[in-house]
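Reviewing the structure listed below.
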Amino acid sequence: MDRSSAGISGKYARSDNAYNQPNDHAASSRRGRYRHATVRQWDPPPRTAPGRNEFYQSSAPCPSQYLPRRSVNPAQDFNAFTQQEIMDGLVSKSYRFGHRYDGRDHGLYANSIKKYTSAAKRPLNRVEQSQLMRLLQNFTVTRCWNWRSLTTTMHSFTSAGVFTPHKPMDQRVKRTQAAVLSTLLDAIIFKCNRKAKAWDIDARGIANLLWAMAKLVDNGQEQTPEFQEAVVALMPHVNANKDQFIPQQIANLLWAMAKLVNNGQERTPEINETVAALLPHVNEQKDQLIPQHITILLWAMAKLVDNGQERTPGLNETVATLLHLVNAQKDQFNAQGIANLLWAMAKLVDNEQEWITGFKGTVAVLLPHVNAQKDQFIPQAIANLLWAMAKLVDNGQEQTTEFEEAMAALLPQVNTQKANFKPQEITNLLWAMAKLVDSGQEQTTELKEAVAALLPHVNAQKDQFNAQDIANQLWAMAKLANEGQEQTPELKEAVASLFPHVNAQKGQFIPQHIANLLWAMAKLVDNGQEQTPRLKEAVAALLLLVNIQKNQFKAQGTANLLWAMAKLVDNGLERTPGLNEALAALLPHVKALKDQFIPQHIANLLWAMAKLADKGQKQTPRFTEAVAALLTCVNAQKANFKPQEIANLLWAMAKLVDNGQELTPLLKEAVAALLPLVNTAKANFNPQEIANLLWAMAKLVDNGQELTPGLKEAVAALLSLVNAQKDQFMPQHIANLLWAMVKLMDNGQERTPELKEAVAVLLPLVNAQKANFKPKEIANLLWAMAKLGELVELNVVTSTSESLIYKIIDNPQLSQKGILMSLWGVMVLCARLALDSNANKNNLLEKHMDDLFTRLENTSPDNEEDQHIISMATSWLGRTCPVIPHYQTNNSKTQTDFRDQLQSCLPSLNIEEEKSLNSLPPVDLLLPDHNMVIEIQGPSHYVSGDFNTRNGSTLLKIALLQKAGFEVIEIPVNQLRSRDSIKLYIDQIKTRINIPPQDHGSVSLKSGSADEKYGTAYI
């Protein structure tokens, strides 16, 4: 999330001042390496020069006489440093003394430049730097210079900004900078590596050099091989002089090494040894550390750990020492110190540094100072503080009153200083606010205003964001939108402005960026973002990168990518070859990484696989292997799933099975492992999860899952929640719940009091929300209410259904499956009205039936169930059936026994079994000579098999038979338990046969057993 700007500014990591240089003998001269410009180096002087033992004395006339000695006036005196006679004097002195020249005057000149910038309180600007470079083309550094000349020159030029790369960069300036720096580095390397005793190398010079080199890199200087060699060459001298460093130097050295490593310096064994050598001295000199040192040191610890530094006991002890000092000196830290301390602690915790004793206490001690010093924070400090607070919360920091007050103090500062934030700070702020909201922070007015204040600056600075910024910003905006942030025009513009840069910077994205970007785009689309051409281009660019970097994604990245692809497809993204290739590339890694997935990953991955399968993904061997690998993880981690994950997992397994996944023992074990958790976690399920869970269980049972005691208990636990949360169910939930309950009852679920209550609770909700149902949901509702048959009062079904039917008759969004379900539901309603002698007949319903059937005229479904619906509709409407339905016959033993006894009693009676009439489902027994049908009704003909409440299928069949001119006699199978009862019913049929023909009205053959409002004999 952070980069160099999230650290200590130059104000805090300050090196020692330059020091006076003693006279010194120097080694012989060598040319600097990596020469990029004409920097004059002199050959050894001729014999006419002073003797070999002569060297420059401070009392002799020298070029330093030309250096400005009065107080520096920034407005007037810069030209004094760029006079040619100054450089001529330096060149002359270097030439005159040759290899005995110690570089003293060059160091004094460099120091005077630094004093000028210190007085001006700024580094050299671009114009000043360019002027100076004309002189520095002749600035000669040799290996003869003494240590202090080298360190003073390097430190002074760095502090003054001589080596700072301004943009745009003049090539002349760039070449001169590179040449001067190259000769300085060459001399430093030579000095550090010489075999003779380096008695002039001292602690202060080492600290200043490393500080300067770190500052160079931090200002954008390239780490050339020569630069890195110089760093490594200095390390043994740090170790050798470790006992000589004062607290400020220890702080600056650790700061420098942290900065160097953070900017790409390899963590060599020498650097690791140097860090280890310095850490004990922090503890030894702890009583001499001032607030500035403490801040620098904690920042350095955090940066080193962030770049792979091992958390040794020595490092942990140093951190603990520093935390104690923060507590002791808490009132002495300034605004920048507070910001950097909290940033460092957040970074340490984020890198799995344990919340050691005192850590939380130190955070608590600093938080009140955020509020107290809120007006003194600069933009960088505000960004770092909010980032730190977000990271702390993300790692378990309690959102205490002090924490909330600090947040409340910082958010208005974002709005106040919105014009001053740099690109990275904008990124860090948006990321932090998104992370806080994701961790439960309330989206207060102040937070929303802070977000709104930053969004225009995203668009304004879009060309300055790097790859990480783009990834983090889109992630943040997606997260905020997902947590309820209004998708204002400003947010949409900010999002849209970043899409072209995804494509432009695609070569810079690391695997984590790719995963976060695709996740963000999927979330944005899921929350209403339009799928514009630019968004699609960005997605296509990222999918290509998925394939290229497939072997580099970690477990979380793999999970996020597959979830994102599934979500995008679910929201209408075309399944392009690029998407299919990316998917195929990732699937093998699911199996390979299975042991690294946490519960959330497992749930998201199975959800994604189910969604993809539902959208047409072929269940290839790789796909099946990935699913199998994940199912093993479900059982292994069953104790760790959260309520939402339990719901998603069961939904996913049901969807997979519904799309052809075999109900393997592995899948059954996974289901069985999750069912007890439903009961345990029932109090924590939200309305959507309740609906999805019941839908999943119904779908699994409908596809062959055994209705085990565990499943029944889970269903019972969920049904008890329906009434309590009824006011929170959305239309989709209501439709899915009713569908699920019907399916469960259809597959043997007992009609318990909880189930009856749940159905009773949901039916009024259908009427109340009838205007909000989508076509697919209406189809499911019509089907479910029809299936419930006599369980729902006819007037309730009629009033509810009529208002729903109007919405789908001409709706083009209704799928063929939806049309068939709706047609069946309308037929059952017409059947119920036809069978009820007291009901007002509604010819308009038959017109709706005709309209729905017309939309199916040119279809030839292969599904037997769909063929049956079409054949029944043609029978009702008196049309020619376009299909030849195939029905399975089933002669039950009870039916056969009854037929045999009826035939034996009436040998001349013509009896046909399992006869299909007018393309309708076969009847049990047909007496053709009497136009009579006898139906031996088993439990499947009743809701929940209660032998009392006929379901929709039964009612429709009876009505169709009557409409075709047949008299129907129904005998519940539970009434045929003995020969005597069978004989009783046969006697009554004999009597019925001998009755002269009459209208097929309501006939009761047994007092109290007939449903008198229906036109059937119900024996």
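Using our numbering, the letters of the sequence shown correspond one by one to residues 7 to 1025.
Built from N, CA and C at the ideal position, the CB exists for glycine as well.
Small disclaimer: the values here were computed from a predicted structure and weren't measured.
Bounding residues of the alpha helix (DSSP H) (the contiguous stretch that carries residue i)
i, result
"M615", "605–620"
"V1032", "Outside the shown range of the chain (7 to 1025) lies residue 1032, about which nothing can therefore be said."
"A529", "Strictly speaking, residue 529 in this sequence is Lys, with Ala absent from that position. Where K529 is concerned, the enclosing alpha helix (DSSP H) stretches over 517–532."
"H507", "495–510"
"S910", "899–911"
"L190", "177–199"
"G343", "341–356"
"F233", "231–246"
"V575", "561–576"
"N333", "319–334"
"H375", "365–378"
"V147", "First-last for V147: undefined, no H or E at that position."
"D444", "429–444"
"N3", "Nothing about residue 3 can be reported from this structure: the residues present for the chain run from 7 to 1025 only."
Which of helix, strand or coil DSSP assigns to residue i
i, result
"E455", "helix"
"V596", "helix"
"R956", "strand"
"I875", "helix"
"I977", "strand"
"K921", "strand"
"D842", "strand"
"Y107", "coil"
"Y948", "strand"
"D208", "coil"
"C836", "helix"
"V889", "coil"
"G490", "coil"
"P867", "coil"
"V97", "helix"
Assumed close pair residue i, residue j - CB separation to whole angstroms, cut-off 8 Å
i, j, result
"K921", "L932", "5 Å"
"A459", "K424", "4 Å"
"L592", "V552", "7 Å"
"K99", "D111", "6 Å"
"N654", "A609", "5 Å"
"N199", "V267", "About 22 Å separates the two Cβ atoms, so there is no contact after all."
"Q643", "P605", "5 Å"
Cβ-based neighbour list, residue i, same chain, cut-off 7 Å, excluding 5 preceding and 5 following
i, result
"D532", "K573, N577"
"D664", "K705, N709"
"I992", "Q907, L908, C911"
"L295", "P253, L331"
"E852", "C836"
Proximal residues to residue i (C-beta, below 6 Å), its chain only, five neighbours per side dropped
i, result
"T806", "V772, N773"
"N225", "T170"
"A528", "A570, K573, L574"
"V97", "N144"
"G167", "P129, L130"
Residue span of the beta strand (DSSP E) that contains residue i, given as start and end
i, result
"E631", "Segment 627–642 is the alpha helix (DSSP H) holding E631; no beta strand (DSSP E) there."
"V133", "Note, V133: premise wrong, no beta strand (DSSP E); alpha helix (DSSP H) at 132–142."
"L932", "929–933"
"Q943", "938–943"
Residues near residue i in its chain [Cβ-Cβ closer than 8 Å; skip 5 each side]
i, result
"K749", "A704, K705, V707, D708"
"Q514", "N472, A473"
"N245", "E279, T280, A283"
Quiz item: Does the stretch 342–362 come within contact of the stretch 371–385, defined as at least 3 CB pairs closer than 8 Å?
Solution: yes
Self-check item: Stretch-stretch touch, CB-based, cutoff 8 Å, three pairs: the stretch 875–891 with the stretch 841–850
Solution: no
Exercise. Report yes or no: do three or more beta-carbon pairs, one from the stretch 176–189 and one from the stretch 133–151, lie closer than 8 Å?
Key: yes
Exercise. Specify whether the stretch 535–546 and the stretch 497–506 touch according to this definition: at least 3 beta carbon pairs, one from each stretch, less than 8 Å apart.
Key: yes
Exercise. Mind the definition here: the stretch 714–730 touches the stretch 755–763 only if three or more C-beta pairs lie below 8 Å; say whether that holds.
Key: yes
Quiz prompt | Contact the stretch 924–944 vs the stretch 748–761: 3+ CB pairs below 8 Å | solution = no
Self-check item: Touch test, the stretch 407–415 against the stretch 459–476, Cβ-Cβ under 8 Å, three pairs minimum
Solution: no
Quiz item: If we count Cβ pairs, one from each stretch, closer than 8 Å, do we get three or more for the stretch 363–371 versus the stretch 322–336?
Solution: yes
Quiz prompt | Cβ contact check for the stretch 957–977 and the stretch 807–815: 3 or more pairs under 8 Å | solution = no
Exercise. Pair every Cβ in the stretch 943–963 with every Cβ in the stretch 858–874, then say whether three or more of these pairs are closer than 8 Å.
Key: no
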